[in-house]
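*Asks:*
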Amino acid sequence: MAFLIEAEHVAAFARALGVDPERGVPPTYAAVYALGTTVPQLFSDPEAAVDVAHLLHAEQEFAWERHPRVGETVVARGRVAEDVERRGVRLLTFETEVTAGGERLCTSRARFVIRGSPR
Amino acid sequence: MSSVEAGAPGGGTARRELVVTFTREQIAAYAEASGDRNPIHLDDEAARAAGLPGVIAHGMLQMGLLARVAGDPARLRRLSCRFAEVVAPGDTVTFRGEETNGRVELTAVNQDGRAVITRGRAELAPSGLDGRS
Chain A
-17 MAFLIEAEHV AAFARALGVD PERGVPPTYA AVYALGTTVP QLFSDPEAAV DVAHLLHAEQ
43 EFAWERHPRV GETVVARGRV AEDVERRGVR LLTFETEVTA GGERLCTSRA RFVIRGSPR
Chain B
430 MSSVEAGAPG GGTARRELVV TFTREQIAAY AEASGDRNPI HLDDEAARAA GLPGVIAHGM
490 LQMGLLARVA GDPARLRRLS CRFAEVVAPG DTVTFRGEET NGRVELTAVN QDGRAVITRG
550 RAELAPSGLD GRS
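The listed protein sequences correspond, in order, to chains A and B.
Heads up, the first sequence is in our numbering, so the first residue is -17 and it goes up one at a time.
Heads up, the second sequence is in our numbering, so the first residue is 430 and it goes up one at a time.
(1) The alpha helix (DSSP H) that contains L495/B, what's its start and end?
(2) Just the chain B side, please: which residues come within less than 9 Å of F76/A by C-beta, in chain order?
(3) Using the C-alpha atoms, what's the distance from V71/A back to P8/A?
(4) Rounded to the nearest angstrom, what separates L495/B and E454/B at their Cα positions?
(5) Excluding the 5 residues flanking Y459/B on each side, which residues of the same chain have their C-beta closer than 7 Å to its C-beta?
(6) Please return the same chain residues whose Cβ sits closer than 6 Å to the Cβ of R506/B, not counting the five positions on each side in sequence.
(7) Could you check what DSSP says for H39/A in three-state terms: helix, strand or coil?
(8) Let me know if A(-11)/A comes out buried or exposed under the rule of 16 or more other beta-carbons within 10 Å of its beta-carbon.
(9) What are the boundary residues of the alpha helix (DSSP H) that includes E534/B?
(10) With distances taken between CB atoms, is the gap from V32/A to L24/A smaller than 8 Å?
(11) Using beta carbons (cut-off 8 Å, strictly below), is R97/A in contact with chain B?
(12) Can you check whether the CB of P502/B is closer than 8 Å to the CB of R86/A?
(13) Whose C-beta lies closer than 7 Å to the C-beta of G19/A among residues of the same chain, with five residues either side of it excluded?
(14) What residues in the segment 463 to 475 of chain B have a beta carbon less than 8 Å from any beta carbon of chain A?
(15) I'd like to know if Q42/A contacts chain B, where contact means its C-beta is closer than 8 Å to some C-beta of that chain.
(16) Using a beta-carbon distance below 8 Å, is A479/B in contact with chain C?
(17) Establish whether the CB of F(-5)/A and some CB of chain B are separated by less than 8 Å.
(18) State the Cα-Cα distance for the pair T452/B and I485/B, rounded to the nearest angstrom.
(19) Return no unless some Cβ of chain B is closer than 8 Å to the Cβ of L(-1)/A.
(20) Could you spell out the range, first to last residue, of the beta strand (DSSP E) harbouring V110/A?
(21) With a threshold of 8 Å between beta-carbons, can S431/B be considered close to chain A, or not?
(22) Short of 8 Å in beta carbon distance, which residues of its chain neighbour G500/B, apart from the five on each side in sequence? Order them along the chain.
(23) For D473/B, does the three-state DSSP call read helix, strand or coil?
(24) Going by DSSP, what residues sit across from I96/A in a beta bridge?
(25) Which residues in chain B have a C-beta closer than 8 Å to the C-beta of R72/A? List them in chain order.
Have a look at this one:
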């Protein structure tokens, strides 16, 4: 999914974290351009059958080649890397690759716990 | 929010600290700004129906605050953590970063002394990664 890094949106995000909106794109804006663009696919995938209210973010890793700039369009592609059950709890690991102009910008690995819904 | 910065960023060890008391308003503002409007962050009833005590803060809101004590955001090359405990409005969390030669150990502890984030780590590049020279 293509996503435009837009100044006003970045500024609102920065303010919500209490950081100066003039200081560029906060690193964890990746929550928006990497996770926000791909994780919701999970919810609409009937095979994944994820109830969003039972989804808890358990672990998160980001690696950046560089940080995006305002005005730039990035492309995010996500996939389920792992879907396992441990002690009755389902763990879903979702990997996202973000590129800009064909070059890798950011990689995200997100692990979610889905409580109370063992398959 | 209050923050403290100490140490030598050029080498050796640098320590940073940020103390945040979470509020519903802040969580709602983050939901709006991030687009993550999962009702467990906004609606007590929905959160309780999901087995939580009430609304909780987003993991990514915690991580966004954790990133503030990691060092120069433009140099951030890696950031990782585990969300170990839920954070609710009224909780006061102390975020700490200790940098040694570009490697940062990150912690977040609540008012009861419990680690809300574990395995917090960051890596800083020698220079900025924001594409600006």
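Don't be surprised by glycine CBs; every beta carbon is placed ideally from N, CA and C.
*Replies:* Considering the structure as presented:
(1) Reading the second sequence from its first residue, position 66 is the one you call residue 495/B. Its alpha helix (DSSP H) spans residues G488 to R497.
(2) Mapped onto the first sequence, residue 76/A falls at position 94. Chain B residues near F76/A: none, gap ~13 Å exceeds 9 Å.
(3) Numbered from 1 along the first sequence, position 26 holds the residue referred to as residue 8/A. Numbered from 1 along the first sequence, position 89 holds the residue referred to as residue 71/A. Approximately 33 Å between the Cα atoms of the pair.
(4) Working through the second sequence from its first residue, we reach residue 495/B at position 66. Working through the second sequence from its first residue, we reach residue 454/B at position 25. Distance between the alpha carbons of L495/B and E454/B: 19 Å.
(5) Your numbering for residue 459/B matches position 30 in the second sequence. The residues are H487 and L490.
(6) Numbered from 1 along the second sequence, position 77 holds the residue referred to as residue 506/B. The residues are E552 and A554.
(7) Within the first sequence, residue 39/A is the residue found at index 57, counting from 1. DSSP places H39/A in strand when its eight states are reduced to three.
(8) Within the first sequence, residue -11/A is the residue found at index 7, counting from 1. Its Cβ having fewer than 16 others within 10 Å, A(-11)/A is exposed.
(9) Along the second sequence, one-based indexing puts residue 534/B at 105. E534/B -> not in any alpha helix (DSSP H); beta strand (DSSP E) instead, spanning R532 to V538.
(10) Here residue 32/A corresponds to residue number 50 of the first sequence, with the count starting at 1. Here residue 24/A corresponds to residue number 42 of the first sequence, with the count starting at 1. Cβ atoms of V32/A and L24/A: closer than 8 Å.
(11) Here the question's residue 97/A lines up with position 115 in the first sequence. It does; some Cβ of chain B falls within 8 Å.
(12) Numbered from its first residue, the first sequence carries residue 86/A at position 104. Numbered from its first residue, the second sequence carries residue 502/B at position 73. Going by C-beta atoms, R86/A is not nearer than 8 Å to P502/B.
(13) The sequence position of residue 19/A within the first sequence is 37, counting from 1. It is Thr, not Gly, that sits at residue 19/A in the sequence shown. Answer for T19/A: M(-17), F(-15) and A58, listed in chain order.
(14) S463, G464, D465, N467, P468, I469 and A475
(15) Numbered from 1 along the first sequence, position 60 holds the residue referred to as residue 42/A. Q42/A counts as touching chain B.
(16) In summary, chain C is missing from the structure at hand, where the protein chains are A and B.
(17) Here residue -5/A is taken as the residue at index 13 of the first sequence, counted from 1. True, the Cβ-Cβ gap to chain B drops below 8 Å.
(18) The sequence position of residue 452/B within the second sequence is 23, counting from 1. The sequence position of residue 485/B within the second sequence is 56, counting from 1. The straight-line gap from Cα to Cα measures roughly 10 Å.
(19) For the purposes of this step, residue -1/A is taken as the residue at position 17 of the first sequence. Answer yes: the Cβ-Cβ gap between L(-1)/A and chain B drops below 8 Å somewhere.
(20) The question about residue 110/A has no answer, for chain A in this structure spans -17 to 101.
(21) Your numbering for residue 431/B matches position 2 in the second sequence. Taking Cβ atoms only, chain A never reaches closer than 8 Å to S431/B, which makes this a no.
(22) As a first step, residue 500/B is located in the second sequence; it is residue number 71 there, counting from the start. Within the same chain, G500/B has close Cβ partners P438, A443, R445, G526, E528, V533, A551 and L553.
(23) Looking up residue 473/B in the second sequence gives position 44. Note: D473/B maps to helix in three-state DSSP.
(24) What you label residue 96/A is simply residue 114 of the first sequence in a count that begins at 1. Partner(s): L37/A and R72/A.
(25) Counting from 1 along the first sequence, the entry for residue 72/A is found at position 90. Result: empty, since nearest Cβ-Cβ is about 14 Å, beyond 8 Å.
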